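Structure record follows, encoded as structure tokens.
In my numbering, the protein residues as written are 73 to 289.
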């Protein structure tokens, strides 16, 4: 099937706002490797539709783009119940909890929760829903696990942080994983880590069933 070049270029333009959140036309042209006139034409169209706004020589995405993001989360079945579940996990381990989905050769965070600041014991990375993690992350490597008893881990020595992740049951052909990150001191022994993995596996199964449900209209 022949692809639509205009749509591809427009999506590429959106993606580059993650690299530079307030670019000029020239900066976007350089990032996208598109002619400046082409970039300007797309920006004017997006401005007319309310998705970008001009601030002197620079451009910003508007809040209207969130409509697309919220629609994506609804399509992914990330409900309040799912979010509540990972928030409980984050508080339980005094760190963060994430659900990841395979994205090309990486993993993209589709749900994230951070423990309350009064119980958190380490500096939280600047990650959010929509952030992608590399292949060597625990959350990404968990996507390739087949044996039900396995899990992945990664220690970040510089931050004294340990990440654990397990695969989630197949949800309509989607590859999902559930992971936590917490202070290494909180999971210092092998038994503590195995206990945490057992909790993760139980939650992964339960949350997977929730995500697999048809959304209530």
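All C-beta atoms, glycine included, are put in the ideal place defined by N, C-alpha and C.
Small disclaimer: the values here were computed from a predicted structure and weren't measured.
Contact between the region 144–160 and the region 109–123 is absent, with fewer than three C-beta pairs closer than 8 Å. In the structure shown, residue 197 falls within a coil segment according to DSSP collapsed to helix, strand and coil. Inter-residue distance for residue 282 and residue 180 is about 19 Å (C-alpha atoms, whole angstroms). Judged by DSSP in its simplified three-state form, residue 139 adopts helix. By the 16-neighbour rule on beta-carbons within 10 angstroms, residue 223 is buried. When the alpha-carbon of residue 207 is set against those of 183, 140, 232, 175, the nearest one is in 175. The region 89–159 contains, as complete beta strand (DSSP E) runs of 3+ residues, the segments 124–127, 130–133 (chain order). Annotated three-state conformation of residue 257 is helix, per DSSP. Secondary structure at residue 174: strand, using DSSP grouped into helix, strand and coil. Its chain contains 88, 89, 103, 130, 131 as the residues whose beta carbon lies nearer than 8 Å to that of residue 95, once the 5 sequence neighbours on both sides are disregarded; these appear in chain order. Scanning 284, 269, 285 for the CA closest to the CA of residue 165 turns up 269. Straight-line measurement puts the Cα of residue 136 at about 14 Å from the Cα of residue 126. One thing to note: residue 237 has its Cβ within 8 Å of the Cβ of residue 249.
Bridge partners of residue 185 according to DSSP: 169. Counting every other CB atom within 10 Å of its CB across the protein chains shown gives residue 276 a total of 16 or more, marking it as buried.
Counting along the chain, residue 242 sits inside no beta strand (DSSP E), nor does DSSP assign it H or E at all.
Residue 225 carries a strand assignment under DSSP once its states are collapsed to helix, strand and coil. By the neighbour-count definition (other C-beta atoms within 10 Å, threshold 16), residue 114 is a buried residue. Shortest Cα-Cα distance from residue 240 to any of 257, 255, 214 involves 214.
For residue 217, there is no enclosing alpha helix (DSSP H), as DSSP gives it neither H nor E. When the five nearest sequence neighbours on each side are left out, the beta carbons in the same chain lying within less than 8 Å of the beta carbon of residue 256 are those of 227, 232, 233, 234, in order along the chain. If you draw a straight line from the Cα of residue 209 to the Cα of residue 216, it is about 12 Å long. CA-to-CA, the gap between residue 80 and residue 242 works out to about 30 Å.
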